[in-house]
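Protein chains in written order, with the working numbering: chain A, 1 to 434; chain B, 435 to 691; chain C, 692 to 1092; chain D, 1093 to 1409. From the three backbone atoms N, C-alpha and C, an ideal C-beta is built for every residue, glycine too.
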Amino acid sequence: MSIISNEARCTSCHAGYGWKDATFDFTDMTKIDCLVCHDTSGTYKKTPTGAGMPDPTVDLVAVAKSVGPTSRKTCGDCHFNGGGGEAVKHSDLSRQLLHPERSCDVHMGGYDFQCSECHRTRNHKIAGRSSSVPVVEGSFSCQNCHTGKPHNGAKLLDHHLNKHCETIDCNTCHAPVYAKCKPTKVFWDWSKAGDKERKPKKDKYGMEDYNWKKGEFIWKESPKPVYAWYGGFMKRVLLGDRLDLSQPEINITEPVGSINDPNSRISPFKIMKGVQPVDADYKHLLVPHLFPRDKEDKTAYWKHRDWQKAFVDGMKAADMKYSGKYEWITTNMYWGVEHEVMPADMALSCVQCHESLKGERTCNRCHQDSRDVDFKTIAHKGTDFSYMASKGRDVSHLVGTTDYIDFKGLGYKGDPIIHGGRFKKLPMGYKAEK
Amino acid sequence: MTRTGPGVILTITAALAGILFSTPALAANPSPAETAAPEKVVWTAPDQEEAEKRAEEVVPFVEAVMDECRLCRQQRLRDVGLSVKDQSESYFLLNSPIIRKTEDHYGPVRFMHAKHAGVTKDCALCHHYRPLDETASETTRCSACHQEPFNKDHPERLGLKAAYHQQCMGCHQEMDKGPIDCAGCHRKNVPDHKDLIQLAANPEPFEVTSECLRCHKPAGEDMLKSAHWLWKGPSPYTLHHRKEVELGKATIATNNF
Amino acid sequence: MTHHAAPVKAKFWTPGVVVLAFLMAAGAAAIIARFIGGIGYVSNLTTARPWGLWIGVDVASGVALAAGGFTTAFLAHIIGRHYYEPVVRPALLTAMLGYTFVVLGLMVDIGRSWAIWKPMLYWNPTSVLFEVAMCVMFYLNVLYLEFLPIVVERFKGGVNLPGPLAALNGPIDGLLKLADTILPKMMWFFIIAGVVLSCMHQSSLGSLMLIAPTKLHPLWYTPILPLLFLTSAIAVGYPMVVFEATLATKSLKLDSEMKLLTPLTRFTIFLLGLYLALKVGDIVVRGTYVYLLDFTAQTNAFLIEMVFGVIVPWLMLLSPKLRRSRQALFIACTMIVGGVLVNRINVFVVGYRPPISEANYFPAIGEILVTVGLIAALMFVYRFIVTYLPVLNKPEQEVSA
Amino acid sequence: MGLNRRDFFKYMAVAGATVAGSERSAHAWQSRAPSDPYGCLVDLTRCIGCRKCEEACNRVNALPAPDRSFEDLTLLDKKRRPDERAYTVVNRYVSGEIDKRDQLVPTFVKLQCMHCQDPACVSACIAVALTKKENGAVHYDVTKCIGCRYCMVACPFEIPAYEYHDPITPRVMKCTFCYERVESEKKLPGCAEICPVEAITFGRRKDLIKVARQRIKKNPGRYIDHVYGEKEVGGTSWMYLSGVPFEKLGLNALPEKPMPQLAETIQHSLFSYLWSPIVLFGMLGGVMWASKDKSDRAGNGGRSGNGKEGDYKGRML
């Protein structure tokens, strides 16, 4: 929704002290919270509802004396918990990453990467793009370290894999499922909120499906991402944007890309589906006032459970028009799957996407004299879903898949191995031409 | 050309991300992780451990090297049939005690040896000299020749730290690729603040910040302009809003949760 | 010839003295500020310009303009021109006060005033400044000893301290009597020593800048800089006497003493001429005349120094008529005094231009206040001493032969 | 009347002594430079302008924290000088040369005390607070300093700075060549140790000159054929190699003659064994004696009063 009118709750993750309302002084350096990022003692924490103020039990002197570089812990304290809980919104960021398994995230796992080793920081401006928020203070991607041709063997397979890199994002193969270790919310229906009587039910992961403050949820663990063309740009719905309510679903964030755009690559996304309020007349998204400002608060939804009052107050705080009529719409957000990179040997194999390769025994279809190459091993070695399932991952339905990527849905005529790639026909295509 | 065997494939695949095989130990705990014991480190990368061990080693100093030109060197390597395929280690942690003895301001560098070899395709680019000793291996570690700086007997031999920096930065600059700033390769170590912090007991949070700012005022100034502080900033990758500098959660960005 | 020095019988707190007191107060305030906030607080001195007004005026010029003391002592006592004795006491007083205030100025200028004694312990014989300091220190003592008989003359047998201090009357009087018996026997030594010490440090003040060949403008940087300093100091001795005597006699309404001053300045024709010849010879031999028409601030300062400080007054002195005119003589001597003053400022401040930093320097108000305050204090003390001690010649109705 | 003849001769004698003295002992002047000092060779073609040397210098010398962080590289473009809070500074110069990516090629110049072989400051110091040590360092001993700042006047490199804002105990501040670290702790100077690219080579000065010559010879296109500091002001312990003419880098051309030579020569020839003051004293004594005789013979001139008093006055004033 929006932090406007709910500052005190939302800003408990702000790197500052006391952003209670719109009067916060953003030029006052003494309000910066240095400790939240630079604590190394692990004892620092903020009060969740305290507008960023530290928990009164924290020994600030001890924490100040312990300051050091940022870590997965300090970054994670906020970024693992966005949206009100662990892995709720960032599907691929959860406390699992404090001490991750190899299969969970190969960088942060045995190699012990800290966040800032990739998210290079200069002058407190942290590199990295997000598909969820528009702000970008510097780009960083796999290519920065691994280059655009990351498969650096001199073998033919590397050549093929490097060719793929022109069309496919690294994580398409290297993170075939997301939220591997911790279920993430994929659906959130605000319209159902308010029923204090309704008893939450636990799903198969043990997650609750209902909260009277927030509504109804669906959780998923190790789901397969949605694949979309992505050229680096996002389309976003911003507060005040007029929406086309005739659409059944509206994308609030959506990657921009196309099969015809050479810069676009097939990239994995989590889709966060929500049901949220919209102004029936003005057709823009509504800002509810949820979190009570104080004891006297008369409008907060989480106190009075009255949407109408919450919208009137929230929209006033946001300085936007509200007609007085609201309705609920279904919205989607695309969240890029950027982390939880699996080890190389667990990337998708050739046949998991290219079914036509399943029966091949050699490379003869394209290459001469390749009898000594065990094509089958090459083409089949990859993500072992049955093994993952045996370890408790919810992926048993993915075992044996050979159509992991829906080529037709992405604009191909079919498997590009047969029908040709984006800009070049492949030699073994039925309309073969070099 | 295509005589790839299964073993080779495995090696390559391993090299892809610089990882050797080990039994995949998948996360076994899909339930809420609040109960997971955080201290338990389940998996460590074997090549990381090896790299750490290698980083600690100090190899015997090579007194004399064969002084030959780049071309001669390349020719020699070609003659003995060495190429980037023959590398034995794909990943190094540059964290030599030779350097650490005098320098603890930066953390170790993760050096992707295989990656660099793959990109340059020329061992002689970095392994510019070989030991004069014929029995020594053709290529050797940087730290075999480059150890302490300002060696009296070898006044022109760079110390290890300078050798790394000149080699890495020089090449990165020349190739216009790769980082040439400090933080591009290693994280900065933060000195122990135990004796630096001067705070009375039970300070207000603002007082803590003022104490930080006593020395880090520029950092505070930087922070005031950062997205983590303003929750808004430039949006160069948002379609139709690329020129805007005010977008963010604090303004009109929205979401559905 | 007769001469009787006597305390001046005049009102002390004249308006001029009050003005002096005000200037002293301002200077004192600046000095207090310097000892609270540091030299940087009151001055414009920097890394590139470590020496400024204080060294240029308070010290270098102060020393040069106190040359009247040793030049008159030389004239009257060493070569026995007793005719000129009436100017010796005031010149001695000027020198004594001049050097005292040089040291006071130094105390303000050096950063660790309390450590000023350290060079006596840690000798650096290669240091020109060390030699200057030693000479100045000894010479200052010589000056005090030379002046002591005046005090003796005034108070011997009449020490009369007020109140409880009266107990000291006897011992002090005894000391004065002792001094009266011992000093005359040794005075010849101090007189010669004073001249020797003066020659040494007057020249060495010029050597100070020889260590900075890249910084001092070539118009001034010459190996004979010490000789130039010495000759100019000697040349300015008598004009300084004229200058000071004219001011004193005029303001205290005493006899003009032109009978002494006019012949005195005849020596100056030669001495200043010698300086002029050396100076001109120097720029000719070293070829530095090429800079003369650069019209930069530095070369202009050189031209002013030479034309108005040396050449014009020298030409004026050549005329016996002008020498006999009290006004013209005063003007010429003032120009010579000013010329030497400008020369010292030029060598230490204007001509000093560090080539790397290219830093400009102009004295800060605080520095000016200190300098003005010290000069005012010098005049004030002079005025005080001539009021109570027999320094100036007693006004006589009949003109002495 | 005219001038007394002896008077004239006296001046001539002094003048003559000065001139003759300086002529004669121009050869006699002896350098007191240490025979085998340490030095540093700064290779400006290697320097990357990271300011780590400034940071290390600040740390090992416990200097006050800078106003702006050492990571702020924008400061490089100000032409800074070492000051009382920084013994060394790095400046960036651009000659206008452009590299293949259309970037101006910078040259970074580290400035610090050059530790001259025959330092002007040491010669000038009034109280031996500054000394040239055998290991090459020009060492400052604050306990002897009186704060006259003659060293600052004398320094041809305009290096020594001064704590102008300390009212009572100001110090002259300049690079120490990490004297204690090098001499007692057998460590490297802080800047040389930290330099990530060995733009600073530490070693024996004579070895460094060889190294420098070798670098120039091996790579004549990279370097100007000049080792700045090898001969300047009689040689300095810190020396520079550059690819850009030194005058363009704020490293001015300086005479090869040691700075103190002229002043010391004059001082020594005039004052060694205090011969000239003694001679002058003797001459003046003679003149005085002669003139006293004369005035005695003249019967006390026109003076009144008895002989004793006249004598007294004559001698006195």
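Can you tell me where the alpha helix (DSSP H) holding M1244 (chain D) begins and where it ends? Segment 1242 to 1246, the alpha helix (DSSP H) holding M1244 (chain D).
So what's A228 (chain A) in DSSP terms, helix, strand or just coil? Looking at A228 (chain A) - three-state DSSP - the assignment turns out to be strand.
Residues of chain B with CB closer than 7 Å to the CB of R129 (chain A), please, in chain order. Contact annotation for R129 (chain A) against chain B: Y671 [CB-CB distance below 7 Å, chain order].
Mind checking who E641 (chain B) pairs with in its DSSP beta bridge? DSSP lists no partner for E641 (chain B).
Complete beta strand (DSSP E) runs within the stretch 345 to 373 of chain A (minimum length 3 residues, chain order): Complete beta strand (DSSP E) runs here, min 3: none at all.
Say whether the stretch 653 to 670 of chain B touches the stretch 46 to 61 of chain A, bearing in mind that this needs 3 or more beta-carbon pairs closer than 8 Å, one atom from each stretch. Result no; under three Cβ-Cβ pairs closer than 8 Å.
Select from B:S522, B:C506, B:P531 the residue whose C-alpha is nearest the C-alpha of A551 (chain B). Comparing alpha carbon positions, the residue from B:S522, B:C506, B:P531 closest to A551 (chain B) is B:S522.
Output the distance between the C-alpha atoms of Q1122 (chain D) and Q1359 (chain D), rounded to the nearest integer angstrom. Using only the alpha carbons, I get a separation of about 13 Å.
Tell me the start and end of each unbroken beta strand (DSSP E) in the stretch 1110 to 1160 of chain D that is at least 3 residues and wholly inside, in chain order. Entirely contained in the stretch 1110 to 1160 of chain D, the beta strand (DSSP E) runs reaching 3 residues are, in chain order, 1130 to 1135.
L238 (chain A) CB to nearest chain B CB: under 8 Å? In terms of beta-carbon proximity, L238 (chain A) lines the interface with chain B, with at least one pair separated by less than 8 Å.
For the alpha helix (DSSP H) containing P69 (chain A), name the first residue and the last one. DSSP places P69 (chain A) in no alpha helix (DSSP H); its state is neither H nor E.
For a contact meaning CB atoms closer than 7 Å, what does A1157 (chain D) contact in chain B? Under the 7 Å cutoff, chain B gives C649.
Distance, Cα to Cα, L410 (chain A) vs K220 (chain A)? Taking the straight line from one Cα to the other gives about 24 Å.
Taking only beta carbons into account, state which residues of the stretch 1319 to 1344 of chain D come closer than 7 Å to chain C, listed in chain order. Correct list: G1342, N1344.
Between the alpha carbons of P668 (chain B) and E491 (chain B), how many angstroms are there, rounded? Spanning the two alpha carbons is a distance of roughly 47 Å.
Interfacial residues, the stretch 739 to 767 of chain C to chain D, with Cβ spacing under 7 Å: Along the stretch 739 to 767 of chain C, the positions whose C-beta sits under 7 Å from a C-beta of chain D are A739, P741, W742, read in chain order.
So, does the stretch 1229 to 1241 of chain D touch the stretch 828 to 840 of chain C, judging by three or more C-beta pairs under 8 Å? Too few Cβ pairs lie closer than 8 Å, so no.
Given that I1218 (chain D) touches chain C, what residues does it touch there, using C-beta distances under 7 Å? Those are P810, N815, S818, L820, F821, A824, listed as they occur along chain C.
Going along chain B in order, which residues have a C-beta closer than 8 Å to the C-beta of Y17 (chain A)? In chain order: P639, F640, T643.
Can you find a C-beta in chain B that's less than 8 Å from the C-beta of T1180 (chain D)? It does not; no Cβ of chain B falls within 8 Å.
Closer than 8 Å to chain C by CB, M1244 (chain D): Judged by the 8 Å Cβ criterion, M1244 (chain D) is in contact with chain C.
Can you look up P741 (chain C) in the DSSP assignment and give me helix, strand or coil? It is coil, neither helix nor strand.
I1301 (chain D) versus chain B: which residues are under 8 Å apart at the beta carbon? Neighbourhood of I1301 (chain D) in chain B, by CB distance below 8 Å: empty, with the nearest CB roughly 11 Å away.
Check whether the Cβ atoms of C576 (chain B) and L511 (chain B) lie closer than 8 Å to each other. Not a contact, by the Cβ cut-off of 8 Å.
So what does G336 (chain A) bridge to, in DSSP terms? G336 (chain A) is bridged to A:F269.
So what's N463 (chain B) in DSSP terms, helix, strand or just coil? The predicted position of N463 (chain B) is uncertain, since its pLDDT is 42 and thus under 50; no value can be drawn from it.
Which of the three DSSP states, helix, strand or coil, is assigned to E491 (chain B)? Coil, per DSSP.
DSSP state of S1187 (chain D), grouped into three classes? The answer is strand: DSSP assigns S1187 (chain D) an E or B state.
Could you tell me which residues DSSP pairs with C1208 (chain D) in its beta bridges? For C1208 (chain D), the beta-bridge partners assigned by DSSP are D:T1328.
Do L528 (chain B) and V543 (chain B) come within 8 Å of each other at the CB atom, strictly closer than that value? Yes, the pair counts as a contact, with Cβ atoms nearer than the cut-off.
Proximity of Q114 (chain A) and S66 (chain A) at Cβ, strictly below 8 Å: No, Cβ-Cβ distance for Q114 (chain A) and S66 (chain A) is not below 8 Å.
Whole alpha helix (DSSP H) elements within the stretch 10 to 52 of chain A, 4-residue minimum: Runs of alpha helix (DSSP H) with 4 or more residues, each lying fully within the stretch 10 to 52 of chain A, are found at 35 to 38, listed in chain order.
Along the chain, where does the beta strand (DSSP E) containing E101 (chain A) start, and where does it finish? It is not in any beta strand (DSSP E) - E101 (chain A) carries neither H nor E in the DSSP assignment.
What are the boundary residues of the beta strand (DSSP E) that E216 (chain A) is part of? That run of the beta strand (DSSP E) goes 215 to 220.
T40 (chain A) versus D1135 (chain D): straight-line alpha-carbon distance, rounded: For T40 (chain A) and D1135 (chain D), the distance between alpha carbons rounds to 40 Å.
Pair every Cβ in the stretch 585 to 603 of chain B with every Cβ in the stretch 1286 to 1293 of chain D, then say whether three or more of these pairs are closer than 8 Å. Because the criterion of three Cβ pairs below 8 Å is met, the stretch 585 to 603 of chain B and the stretch 1286 to 1293 of chain D touch.
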